[in-house]
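Inspection log for the structure reproduced underneath, given as structure tokens.
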Amino acid sequence: MIIAAVGKSGSGKTTTLEYLVSNLAREGYRIGAIKHIYHKGFKVDKEGTNTWRYAKAGAKVITAVSVDEIVIIKKMESALNNLDQVIGLLGNEQLDIIIIEGFHGLVEKRKDILKIVTA
């Protein structure tokens, strides 16, 4: 099942999905989340870190592993245009539900995605 929240900035998308995820996770559902970042130039990685250096050198996929967390940074030019490709990145995770915040232009006509509209 895929559930998307769409709405203007500040309309409560994150708060709504946070509440939904909290309650569904408490019931035992395995949940994945996808967040559309609207800010041009946004980067998770920070300049000067080892992972940043690998990306700058040309690595297309960088994985950082700690004791209790794995982060995968994948360099993709067209990620914002192909929602199925982004959803596919979660395919091996055995998730019950995928939560999507944003991507309104890509989810609005999809009948396979349940929508929550915030205002």
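Take the sequence shown: its letters are residues 4 to 122, numbered as in the working numbering. Beta carbons are placed, not taken as given, at the ideal position from N, Cα and C, and that holds for glycine.
Does residue i pass the burial test, meaning 16 or more other C-beta atoms within 10 Å, or should it be called exposed?
i      : result
Phe106 : buried
Glu50  : exposed
Val9   : buried
Could you spell out where the beta strand (DSSP E) holding residue i opens and where it closes?
i      : result
Thr121 : 116 to 121
Ala7   : 5 to 10
Thr52  : Neither: Thr52 is in no beta strand (DSSP E) and is coded neither H nor E.
Lys38  : 34 to 38
Among the options, which residue has its Cα nearest to the Cα of residue i?
i     : options              : result
Gly44 : Glu80, Ala60, Leu93  : Glu80
Leu23 : Gly10, Gly13, Ile6   : Ile6
Tyr41 : Glu104, Asn53, Leu20 : Glu104
Val64 : Ala28, Lys78, Glu111 : Lys78
Is the separation between the beta-carbon of residue i and that of residue j shorter than 8 Å?
i     : j     : result
Leu98 : Gly15 : no
Ala58 : Ile76 : yes
Over the uninterrupted alpha helix (DSSP H) stretch that includes residue i, give me the two end residues.
i      : result
Lys16  : 16 to 29
Val110 : 107 to 110
Val89  : 86 to 91
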